[in-house]
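K.L.:
There's a structure below that I have some questions on.
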Amino acid sequence: MGSESLFTQCTGCNKSVSKSAKKCPDCGKRIKKLSIIHWVGIFFIALIVIGIANSPKRKNTEILAVEKVPLEENMDLEYTWTKEAFGSIMEVDFIITNNNDVDVKDIQIECNHFAKSGTEIDSNNRTIYEVVKHGSKKRYPNFNMGFMHSQAVKSSCFVKKVLEVK
Numbered sequence: 772m773g774s775e776s777l778f779t780q781c782t783g784c785n786k787s788v789s790k791s792a793k794k795c796p797d798c799g800k801r802i803k804k805l806s807i808i809h810w811v812g813i814f815f816i817a818l819i820v821i822g823i824a825n826s827p828k829r830k831n832t833e834i835l836a837v838e839k840v841p842l843e844e845n846m847d848l849e850y851t852w853t854k855e856a857f858g859s860i861m862e863v864d865f866i867i868t869n870n871n872d873v874d875v876k877d878i879q880i881e882c883n884h885f886a887k888s889g890t891e892i893d894s895n896n897r898t899i900y901e902v903v904k905h906g907s908k909k910r911y912p913n914f915n916m917g918f919m920h921s922q923a924v925k926s927s928c929f930v931k932k933v934l935e936v937k
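So the sequence shown is numbered by this note's numbering: it starts at 772 and just counts up by one.
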């Protein structure tokens, strides 16, 4: 290893200065060194520039936004319910109508329960893992929605989520 690697040029007087020196011993000018933080910063800036240069070019095309109605909004749910098992289990007769243009599956139903005072006191979520063809009705008698609060006197059920059959 040659001695040149231990020295650098002073930008003020062009004399050879030790790389470990903070100032030039001849003219007193500060010797600039790039610290590890500078090199890390340079590296990240280089990555950003390369990323921008390699990104796909965007065309100035007009995109029309088409508002898609969620599948759940085109589902009708008719139901009657009773308390079973000493008033602790909600059993429901569902009739589900699929008004969508596609078949749906995995119908998630939520029922919210209310006390005599009108206060919401409980809720249940269950999923019916079956396919309902588009434009058709399907009946699910005696469907067990699970435990419910003993003081529930009113219940409101709706289709929370469905998946399109692909």
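Ideal Cβ positions, reconstructed from N, Cα and C, are used throughout, including at glycine.
1) Take S894 as the anchor and find which of S927, M846, S907, V788 has the nearest alpha-carbon.
2) What does the Cβ neighbour count give for R910, buried or exposed, with the cut at 16 atoms within 10 Å?
3) What would DSSP say about V820, mapped onto helix, strand or coil?
4) Under a Cβ-count criterion, where at least 16 other Cβ atoms within 10 Å of its own Cβ denotes burial, should G773 be classed as buried or exposed?
5) How long is the line joining the alpha carbons of I899 and E844, rounded to whole angstroms?
6) Where does G773 sit, in a helix, a strand or coil, going by DSSP?
7) Does the region 899-908 touch the region 857-873, meaning 3 or more C-beta pairs lie closer than 8 Å?
8) For K794, which residues from the same chain have a beta carbon less than 8 Å from its beta carbon, with the 5 sequence-adjacent residues on both sides left out?
9) Going by DSSP in three states, Q780 sits in which element: helix, strand or coil?
P.N.:
So, from the data block:
1) S927
2) exposed
3) helix
4) Unreliable positioning characterises G773 in this predicted model, as indicated by a pLDDT of 49, which lies under 50. The coordinate reading is nonetheless provided below. The C-beta of G773 has fewer than 16 other C-beta atoms within 10 Å across all chains shown, which makes the residue exposed.
5) One alpha carbon belongs to I899, the other to E844, and they sit about 17 Å apart.
6) Residue confidence is low: G773 scores 49 on pLDDT, short of 50, so the model does not pin down where it sits. No coordinate-derived value is stated.
7) yes
8) K800, R801, I802
9) strand
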